[in-house]
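All remarks here apply to the structure that follows.
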Amino acid sequence: MSNTQTKEIAFEKSIEEVLLNTGYQSIPSQSFDKEKALFPEKIISFIKETQLKEWDKLESILKENTATQIIYDLTKWIELHGILSTLRHGFKCYGKQLQIAYFKPSHSMNQEVLEKYEKNILGITRQLYYSTKNNNSIDVVLSLNGLPIVTLELKNQLSHQNINHAKKQYENDRDPRELIFEFKKRTLVHFAVDTDLVEMTTRLAKDATYFLPFNKGNNGGAGNPVDLEGLSYKTSYLWKEVLQKDSLLEILAKFIHLQIDERITEEGRKVKKETLIFPRYHQLKAVRNMIKTALTDDVGTNYLIEHSAGSGKSNTIAWVAHRLSSLHKADNTKLYDSVVVITDRVVLDRQLQDTIYQFEHKNGVVLKIDKNAKQLAEALENGIPIIITTIQKFPFVTEQLRKLSEERGEDGKGILKTRKYAILVDEAHSSQSGETAADLKEVLGGEDLAKEAEAKAAEEGETTLEVLYRNMAKRGQQKNISFFAFTATPKHKTIKLFASNGEALDKYTMRQAIEEGFILDVLENYTSYKTFYKLIKASEEDPKVERKKAAKALGRFMRLHPHNIAQKTEIMIEHFYQSTRHKIGGRAKAMVVTGSRLEAVKYKQSFDQLIKAKGYKIKSLVAFSGEVKDDKLPDTFYTEVEMNNGLKEKLLPETFATSEYQVLLVADKYQTGFDQPLLHTMYVDKRLSGIQAVQTLSRLNRTHPLKEDTFVLDFVNDREEIQAAFKTYYEGAELGQEADPNNLYRIQHELLLEDIYSEDEINQFVAVYFKPKEKQSNKDHEAINFILDTPVQKFRIFLKENEEEAELWRGKITAFKNLYMFLSQIIPYQDTDLEKLYIFLRHLSEKLPKRNNGGGYSFDDSVRLEYYRLQKISEGSISLNTDKSYKLDGPTDVATGLVREEEVPFSRIVDVVNSRFGTEFNQADQYFFDQIVETAITDEDIIKAAQSNPQDKFTLMFKSILQQLFIERIDQNEDIFARFMEEKDFNKTLTEILAKEAFDKINKDK
């Protein structure tokens, strides 16, 4: 017996019923003109209904041929301009402008357009027979005023078919040469749908058709949740939400656009690629969330959008910038006067301009600030709708505004009229939370901010310090500025500054991006190496040295040792030659991440030497900033340009993209924001942790049609620390421990107790520093320095008499500055004493004498390498699908703790390094565990972790160091080592005991 309830037809009917009940009309397949691929009767009906005057004029000329001529001219116009442009801007027939659709205006003042908008005919046709060549039919076609725009192929798991069958049907049975499927000519998007999943494409191309997931996401991952609210299909959001009349018309008017990418092939030919962009579900949701919330909230509210790499952030920013620039409130007043996009990416500049031109069909809506601060000042004065700039130009805008006023013969103060701004931050990070960001808020705060500061100064009886009150006001949230901050990896301060109630307005997680295939999992193939070595003292001398500083110098000696460089170079080059170079169709590239600029130089030399010796067809480039001096070679300096045979810095990315080069060696460059899809392998010889680990390793995650996987070979880092860094962002970041505002007043009090400066000196300093511009003179610089000289002299004496205490006091200055800069943007402080102290300390710290470090140690003649071994200790995936969770803590450094260890004999330092890295020890077995703890607590990272974290979080970091120490002592106690590595309970218990011992020792010494 056949049960229609489980068949595809029931699925089809269910969708039709929803759409018919919400404004769609049912249009029979028989009314479809297969040759012209449209519904002519609906087109004519719509034009008569909405443009009767134009129809009558045409009919007076064309008589009974009017309808035929309109259809003919429409099809020719679409052939020339494409269906999307025709829908938005209309077409001409015998000189008369006709519209084929009406879209909702951004305000309600144009009642005639609103009435015509309501007359749009959304049609649904089931089983549309579209071809003159065969009897194939499409399950569902949606049309707008007679033009087909959306197709759906439905599959039903209960009939033993799923979304993959729908995709195959599009690829195998839907000929892209048929007019209804022809790119840009008729239907704009094609959905493959089953009851669980949705995928889409905007271009049919047989086997080359590229489908994108169009799913909501499920608990931070791919897929769709059960529809508990509507008690319907998991995919019902597609027709209940996305394809609803208002929604679909908005997508047609304000989202879909043609993206044109141009590139030069390796043969030197210019290739143009056209892609029709239809928003993915999370992009659509994010933009609509931002618009809805902006209309609900007051101007002056901030929003965080936490979207992973692979989320299509550039398009999301372009869409929301366009929407915000024309957004009107219910009373038809504009919500924002200008939208300012803060970005460093050239690609975003171009994309914004091209995309918005397609929507507006006019120039002048978007202005890229590519010259100087004067150009930015003019754009702000003129109220350009969308301004694209870098944040670094804002500190210079006030002076430019003043000059512009002078050029017009006006007596200007360099202050803008207060307008309402939406600020879109392309990558929200620390640059959005410092003095430059405060300058941005001061410039855009305009006259209202200045008047508020003036009134507050008068109220407090400090009219001469009006600029100080303006300084305080600019740090906080401005009532006329809303920030929309985008980032994949927010820090604690980013969430506090931009997220309402500590939650991002919208999230698209790393996990979902990986599961949907928009980025690759860079931890899938992760191999770790460890270096085992022994240094011995090679001289008779045994001078007194500082423990940490000497250990650091010995570490540097080892990292730069020719044998170390050569061994690692050989491993990297052989791996690249044997494995990596065959990947991505033989076009794969690699990046080597080095620990310093000098290491980058040494590796570049070593790479080139070994490649030449082996005769491999591999070429490398190196990237580092400035000029590097090799202290072993007097008068020898290296620059990136010189080492790359004259290649200019700005040309490096596009040169590396060519087939001529395969390996890029970097030192603190190209570890963020560098998108190269051919990058397959990363060799890491640098300590990475937290957000830096995520950003660096994520250089590999970009997809390419031939890229199936990635590979990381790590010489330095612990797998668990890398896992913790990525897990923090894998399913969305969460806030952890908060900064304590009371620490500000505690540090303020402790700084004053040392009697280095007085409150009178602070007041004298700010009285000069914040003088009104008309009262400033050249003498002010002299006065400022004179005021600071007394505290500087007192500190110099303090440093000489008690260096440790003086350095601790200097640390409190840094702690106060950082904490105040952070908290003053979140808490509306009215305490002028804190602001005065902050300004005073900022300048005092610049003049304080630096600590006498006695120069760095050089042990080149005192130490030699006796033993060296590189060993692979683990390989395989670092899984992120664990129950562990990690949160982002706020600033907790409150400047406590010792700053310098006692000096010890140099021979003992060698013992410390041997005990940390070597394979021979002199201590008796009964001191085995004590020795491990003593060694660990000399590690700077461990000390910092113990002083700034609760014990449970400290234990996590200690665990990774502990494993390293055990591995290094494998020869010393094999029984304990075996139990530690193989028995989880023994490992866990021992780790907790030793971590607690180390934690207590460090904090006791504070």
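In numbering that gives the first Met the number 0, the protein residues as written are 0 to 1005.
Note that beta-carbon positions come from the ideal geometry of N, C-alpha and C, so glycine has one too.
Every value quoted in this text rests on a predicted model; they were computed, and no experiment measured them.
Exercise for the section: Take the Cβ of A329 as the centre, count every other Cβ of all protein chains shown within 10 Å, and call the residue buried at 16 or more, exposed below. Expected result: Label assigned to A329: exposed.
Problem - First through last residue of the alpha helix (DSSP H) which encompasses I383 - result: Bounds of any alpha helix (DSSP H) do not take in I383, whose DSSP letter is neither H nor E.
Practice task
Determine contact between the segment 303-315 and the segment 462-481, defined as no fewer than three beta-carbon pairs at a distance below 8 Å.
Solution key: In short, these stretches do not touch, since the Cβ pair count stays below three.
Practice task
Go through its chain and collect everything with a Cβ distance to A1012's Cβ below 7 Å, but skip five positions before and after it.
Solution key: Limits of the chain in this structure are 0 at one end and 1005 at the other, which puts residue 1012 out of reach.
Handout entry: Residue ranges of each beta strand (DSSP E) within the segment 661-690, 3 or longer
Key = The segment 661-690 contains these whole beta strand (DSSP E) runs: 662-665 and 678-684.
Exercise for the section: Whole angstroms is fine: what's the gap from R474's alpha carbon to A437's? Expected result: If you take the alpha carbons of R474 and A437, they lie about 5 Å apart.
Practice task
Report the rounded CA-to-CA distance for R907 versus I941, giving the unit in angstroms.
Solution key: Residue placement at R907 cannot be trusted, given a pLDDT of 44 that sits under 50; what the coordinates show is reported in the next sentence. The straight-line gap from Cα to Cα measures roughly 20 Å.
Practice task
Might you give, ordered along the chain, the residues of its own chain that have their beta carbon closer than 7 Å to the beta carbon of I60, omitting 5 neighbours on each side?
Solution key: Closer than 7 Å at Cβ, skipping near neighbours: Y93.
Practice task
Excluding the 5 residues preceding and the 5 following A372 in the sequence, name in chain order all residues of the same chain whose CB lies nearer than 6 Å to its CB.
Solution key: Annotation for A372: K392, F395, V396 and Q399 place their beta carbon closer than 6 Å to its own, counting only its chain and skipping 5 residues before and after.
Practice task
Measure the beta-carbon distance from L677 to K588 and round it to whole angstroms, keeping in mind my assumption that it falls under 8 Å.
Solution key: 5 Å between Cβ atoms; contact.
Practice task
Please report the Cβ distance between M681 and V592, rounded to the nearest whole angstrom; I am assuming they are in contact, meaning their Cβ atoms lie under 8 Å.
Solution key: With a beta-carbon spacing of about 6 Å, M681 and V592 fall inside the 8 Å limit used to define contacts.
Practice task
Inspect the beta-carbon positions of E40 and K95 and report whether they are closer than 8 Å.
Solution key: No; because the gap between Cβ atoms is not below 8 Å, this pair is not in contact.
Exercise for the section: Using only alpha-carbon positions, find the residue among E111, S28 and R558 that is nearest to G122. Expected result: Nearest of E111, S28 and R558 to G122, Cα basis: S28.
Problem - Backbone secondary structure at F769 - three-state DSSP - result: Looking at F769 - three-state DSSP - the assignment turns out to be coil, as it is neither helix nor strand.
Practice task
Could you tell me whether the Cβ atoms of K811 and R841 are closer together than 8 Å?
Solution key: R841 sits away from K811, with the two beta carbons spaced by 8 Å or more.
Exercise for the section: Inspect the CB distances between the segment 658-675 and the segment 617-632 and report whether three or more fall short of 8 Å. Expected result: Three or more beta-carbon pairs separated by less than 8 Å link the segment 658-675 to the segment 617-632, which places the two stretches in contact.
Handout entry: For E34, three-class secondary structure by DSSP
Key = It is coil, neither helix nor strand.
Handout entry: Straight-line gap, G89 to G625 (C-alpha atoms, nearest Å)
Key = So the alpha carbons of these two residues sit roughly 56 Å apart.
Handout entry: Neighbour-count burial assignment, D193, 16 or more Cβ in a 10 Å radius
Key = By the C-beta density criterion, D193 is buried, having at least 16 other C-beta atoms within 10 angstroms.
Practice task
Compare the C-alpha of F45 against each of S13, T21, R87 and K115 and name the closest.
Solution key: Nearest of S13, T21, R87 and K115 to F45, Cα basis: K115.
Practice task
Have a look at the DSSP bridge pairing and note the partners of T593.
Solution key: Bridge partners of T593: D684.
Practice task
Compare the Cα-Cα distances from E434 to each of S878, A66, K849 and Y837 and report the closest residue.
Solution key: Among S878, A66, K849 and Y837, the Cα nearest to that of E434 belongs to Y837.
Handout entry: Contact with chain B by S605, beta-carbon distance below 8 Å
Key = Absence of chain B from the displayed structure is noted, only one protein chain being present.
Exercise for the section: Indicate the three-state DSSP secondary structure (helix, strand or coil) for R262 in the structure shown. Expected result: Strand at R262.
Handout entry: Where Q24 falls: helix, strand or coil (DSSP)
Key = In this structure, Q24 counts as strand in the three-state DSSP scheme.
Exercise for the section: Using only alpha-carbon positions, find the residue among T526, L609, R596 and R586 that is nearest to A565. Expected result: It is L609 whose Cα lies nearest to the Cα of A565.
Practice task
Please list, in chain order, all residues of the same chain as N331 whose beta carbon is under 8 Å from its beta carbon, the five residues on each side excluded.
Solution key: Contacts found: H106, S107 and M108.
Handout entry: Contact check, L127 vs F190, beta carbons under 8 Å
Key = Cβ distance not < 8 Å, so L127 and F190 don't count as in contact.
Exercise for the section: Check whether the Cβ atoms of L146 and L37 sit closer than 8 Å, and answer yes or no. Expected result: Going by C-beta atoms, L146 is nearer than 8 Å to L37.
Exercise for the section: Give every residue of the same chain whose Cβ lies closer than 7 Å to the Cβ of E901, excluding the five residues on either side of it in the sequence, and list them in chain order. Expected result: The predicted model places E901 with a pLDDT of 47, which falls under 50 and marks its position as unreliable, so this point remains unresolved.
Handout entry: Alpha carbon of L743 to alpha carbon of E753, nearest angstrom
Key = About 16 Å.
Practice task
Report yes if the C-beta distance between K253 and L334 is below 8 Å; otherwise report no.
Solution key: Against a cut-off of 8 Å, the Cβ pair of L334 and K253 comes out as no contact.
Problem - Cα-Cα separation between I1039 and I572, rounded to whole angstroms - result: Here the chain has residues from 0 to 1005 only, and residue 1039 is not among them.
Exercise for the section: Return yes when the Cβ of Y528 is within less than 8 Å of the Cβ of Q870, no when it is not. Expected result: Yes, these two residues count as a Cβ contact at 8 Å.
Handout entry: Whole-angstrom distance between R698 and Y576, CA atom to CA atom
Key = Going by the C-alpha atoms only, they are around 21 Å apart.
Problem - T709 to L242 span [Cα, whole Å] - result: Rounded to whole angstroms, T709 to L242 spans 38 Å at the Cα level.
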